[in-house]
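So the sequence lines, in the order shown, correspond to chains A and B.
First residue of the first sequence? That's 1 in my numbering, and the numbers climb one at a time after it.
First residue of the second sequence? That's 286 in my numbering, and the numbers climb one at a time after it.
Where a beta carbon is used, it is the ideal one built from N, C-alpha and C, also for glycine.
Take a look at the structure below.
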Amino acid sequence: MMFRFKLFLRKLVNLFMLSLCVLGALIAISVVCIMLGYIVVNGVAFLNLDLITNTSVSAGEQGGGMRNEIIGTIILVMLGSILAVPIGILAGVFLSEFGSPRINSAVRFTADILAGVPSIVVGVFVYSIIVRPMHSFSALAASAALAIVMLPVVARTTEESMRLVPDSLREAALALGITRWRAVVSVAIPGALTGIAAGVMLGVARIAGETAPLLYTALGNNYGFEGLTKPIGAMPMQIYRYAISPDANWQNQAWAGAFMLVMMVLFISLGVRWISSKRKTETNN
Amino acid sequence: MNMSDDDLSTSKDSNKHKVKKINSHLISRFIAGLLPNFTRFCAFVVAILLLFILIVLFIEAWDAIRINGWSFITSSTWDPVKGIYGALPAIFGTLLTSFLALLIAVPASFGAAIFLSEIAPSKVKNIASFIIEMIAAIPSVIIGLWGIRVLVPFMADFIQPWLSKILGFLPFFSGQPTGYGFLTSSVILAIMIIPIITSMSREVLRSVPNSQREAMLALGATKWETISRVVLPYGNSGLVGAIILGLGRALGETMAVAMVIGNSPNITFDLFSGGMTIATKIASEFGESGGQSRETLIELALVLFVIALLVNVIARLLVWRATKVKTEKG
Chain A
1 MMFRFKLFLR
11 KLVNLFMLSL
21 CVLGALIAIS
31 VVCIMLGYIV
41 VNGVAFLNLD
51 LITNTSVSAG
61 EQGGGMRNEI
71 IGTIILVMLG
81 SILAVPIGIL
91 AGVFLSEFGS
101 PRINSAVRFT
111 ADILAGVPSI
121 VVGVFVYSII
131 VRPMHSFSAL
141 AASAALAIVM
151 LPVVARTTEE
161 SMRLVPDSLR
171 EAALALGITR
181 WRAVVSVAIP
191 GALTGIAAGV
201 MLGVARIAGE
211 TAPLLYTALG
221 NNYGFEGLTK
231 PIGAMPMQIY
241 RYAISPDANW
251 QNQAWAGAFM
261 LVMMVLFISL
271 GVRWISSKRK
281 TETNN
Chain B
286 MNMSDDDLST
296 SKDSNKHKVK
306 KINSHLISRF
316 IAGLLPNFTR
326 FCAFVVAILL
336 LFILIVLFIE
346 AWDAIRINGW
356 SFITSSTWDP
366 VKGIYGALPA
376 IFGTLLTSFL
386 ALLIAVPASF
396 GAAIFLSEIA
406 PSKVKNIASF
416 IIEMIAAIPS
426 VIIGLWGIRV
436 LVPFMADFIQ
446 PWLSKILGFL
456 PFFSGQPTGY
466 GFLTSSVILA
476 IMIIPIITSM
486 SREVLRSVPN
496 SQREAMLALG
506 ATKWETISRV
516 VLPYGNSGLV
526 GAIILGLGRA
536 LGETMAVAMV
546 IGNSPNITFD
556 LFSGGMTIAT
566 KIASEFGESG
576 GQSRETLIEL
586 ALVLFVIALL
596 VNVIARLLVW
606 RATKVKTEKG
């Protein structure tokens, strides 16, 4: 009798605790769904062509769009990628092909720590080394800040995807009498190319929505793109400005802009996930 | 990448061919020497960047550090006119919101991680973890937009009046329910760090060998007994690492918090009251500042950087050690 009761009690505790765990997962999932729901519903409601073709209007006016900011974000993301992608990929190649275990773990470690540096600190850093000496906020400074944020992402994903290329392929190439660098350039890198591309896209998704490093490097610019050494507007900064203002038209545009950004970011991360899951099954076979 | 090999190209003029061959050989040797060194340089750039940031911030902040002295972390007055710069409210706000965020996020994340690694069937597992991790991809300014337009009114109209009705006798919930402030910021932070803690601790749980679970189940233990007495203790340090990693993210989060915290220099445990964090203070005041106040803000950035650095180093070491065990044991 006593034993039965104890067993019943244990099963009850089991059921209770497991349902709590399920509840935790449900909370996490439902928060994401609620948030995405708001962004989609509000975003789609205020989405229109003006948003892409028109420039911004002042508070109180109707209409207007984010054309300058969209262009600004595209420019900043491209410049940031140009700075970060080559260095990141080569660093990843080094980690996977040339480094010694000790140096590797040190570099890998610092890359992970770099990814954890608060992005506002990166903004202050770039302000100190670029904006102040040049006496101007600039697109150049902003893209440098974005590049610092992007760098560890690209380096780590490049390394990981090159490690997925089987060693037998490299050895086969070396056995044919090819030099080491040629084996890396013609065998290992092409084998990892989709993974590297996925890493770059992941980095793009990461920096496209970054706001804090831009605040005091890009500053914002109502007149559109005026050159690399001049201030520049960007979508995330405009969303921030619009979101905290009491103006209804601005708030609506913030939702629409947020919708566009989120769709782009989610599209990229979905695509990357799909690519990397496909690659993993390929290499396992 | 698709270079045709010069050595194999057939040329009628053998002399010309020879020259070409020597050339390509030289180029090959040149690249062979260059490539590893060049990639090493790039890896070095990644590694040295941290140190460079530290040094630059230190130099920029040095005057402020010298002039402000200890009052920087003990005083709560920020008065550029009198030249007094106390950052205590920002430091206090950072610690309070991060702590509360962990309080909310850790139980939910551990529940979710246990669900994902121990309970869920593999199909549910993939979809659920994808959805949870999706929030990590949403830019923080957009989470802030949701926070200020949806969460703040919701907190002001429902959660905060309800809390003050039930728990109003506690000093934490006795203030005016405005929607902005410490509590709302902590909720936003919790939402942002749940996917990080969940995915990290799922990795840690996953690296617990199955033989451990099977042994416990063979002894007649229930699933929860297996999890609580074997799986969780086995992943102990890794789970702590996952929490600290979440903490690191919460400490440095800027935009989303800046939009809902109210930006006022309060030191109070009234959670409905507005406050500020180090990151939001920098974000909102750096632009208008100049001279010593700007240098002090850079000093603040340095403090945030060093805290984030320490927290991340500890977390990475813990997680790294916990997940390394598996690869060694196969």
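- The beta carbon of ASN104/A sits closer than 7 Å to those of LEU95, all from its chain and outside the five residues before and after it, given in chain order.
- THR483/B reaches chain A at GLY24, ALA25, ALA28, counting residues in chain order whose Cβ is nearer than 9 Å.
- ASP442/B counts as exposed, since fewer than 16 other beta carbons sit within 10 angstroms of its beta carbon.
- Residues are counted here when their Cβ sits less than 9 Å from a Cβ of chain B; for the stretch 239-254 of chain A these are ILE239, TYR240, TYR242, ALA243, ILE244, GLN251, ALA254, given in chain order.
- Under the DSSP definition of a beta bridge, LEU219/A partners with ILE232/A.
- A direct Cα-to-Cα measurement between LEU430/B and PHE315/B gives close to 54 Å.
- The beta carbon of LEU83/A does not come within 7 Å of any beta carbon belonging to chain B, so the residue lies off that interface.
- For ILE552/B, the three-state secondary structure derived from DSSP is coil.
- Within chain B, the residues placing a beta-carbon under 8 Å from that of ASN14/A are THR507, LYS508, TRP509, GLU510, ordered along the chain.
- Under the three-state reduction of DSSP output, TRP255/A falls in the helix class.
- Taken in chain order, the members of the stretch 309-328 of chain B whose beta-carbon sits within less than 7 Å of a beta-carbon on chain A are SER313, ILE316, ALA317, LEU320, PRO321, PHE323, THR324, ARG325, CYS327, ALA328.
- Looking at the DSSP output, GLY547/B bridges to GLY560/B.
- With its beta carbon at least 7 Å from every one in chain A, VAL542/B lies outside the interface.
- Within 10 angstroms of the beta-carbon of GLU69/A lie 16 or more other beta-carbons, which makes it buried.
- The bridge partners DSSP lists for ASP364/B are ILE369/B.
- In this model, PRO438/B and VAL32/A are separated by some 19 Å (Cα to Cα).
- Taking a Cβ-Cβ threshold of 8 Å, the residues of chain A close to MET419/B are VAL32, LEU36, LEU266, SER269, in chain order.
- When DSSP states are grouped into helix, strand and coil, ALA59/A belongs to the coil group.
- Residues of the stretch 331-357 of chain B with a Cβ closer than 7 Å to any Cβ of chain A, in chain order: VAL331, ALA332, LEU334, LEU335, ILE338, VAL341, LEU342, GLU345.
- Under the three-state reduction of DSSP output, GLU210/A falls in the coil class, being neither helix nor strand.
- For GLN445/B, the enclosing alpha helix (DSSP H) has its first and last residue at 445-452.
- Put simply, the backbone Cα of VAL272/A is about 15 Å away from that of VAL262/A.
- The Cβ-Cβ distance between ALA183/A and LEU193/A does not fall below 7 Å.
- For the pair LEU319/B and GLU499/B, the Cα-to-Cα distance works out to about 53 Å.
- In this structure, PHE46/A and ASN252/A form a Cβ contact; the two beta carbons are roughly 4 Å apart against a cut-off of 8 Å.
- With a beta-carbon spacing of about 18 Å, ILE129/A and VAL591/B fall beyond the 8 Å limit used to define contacts.
- Put simply, of GLU171/A, PRO86/A, LEU12/A, GLY209/A the residue whose alpha carbon is nearest the alpha carbon of PHE323/B is PRO86/A.
- The Cβ atoms of ALA593/B and ALA475/B do not sit closer than 7 Å to each other.
- Apart from the 5 residues on each side of it in sequence, ALA111/A sits with its Cβ closer than 6 Å to the Cβ of PRO152, ALA155, ARG156 in its chain, given in chain order.
- Using a 10 angstroms sphere on the CB of TRP274/A, the tally of other CB atoms stays under 16, which defines it as exposed.
- For the pair ILE546/B and GLY560/B, the CB atoms are nearer than the 7 Å cut-off.
- Listed along chain A is no residue with a C-beta nearer than 8 Å to that of ARG498/B; the closest approach is about 14 Å.
- DSSP places MET35/A inside the alpha helix (DSSP H), whose first and last residues are 2-45.
- Secondary structure of ASN495/B (DSSP, three-state): helix.
- For ARG351/B and ILE478/B, the gap between their C-alpha atoms comes out near 36 Å.
- Restricting attention to SER578/B, ILE473/B, SER356/B, the CA atom closest to the CA of ILE433/B is found in ILE473/B.
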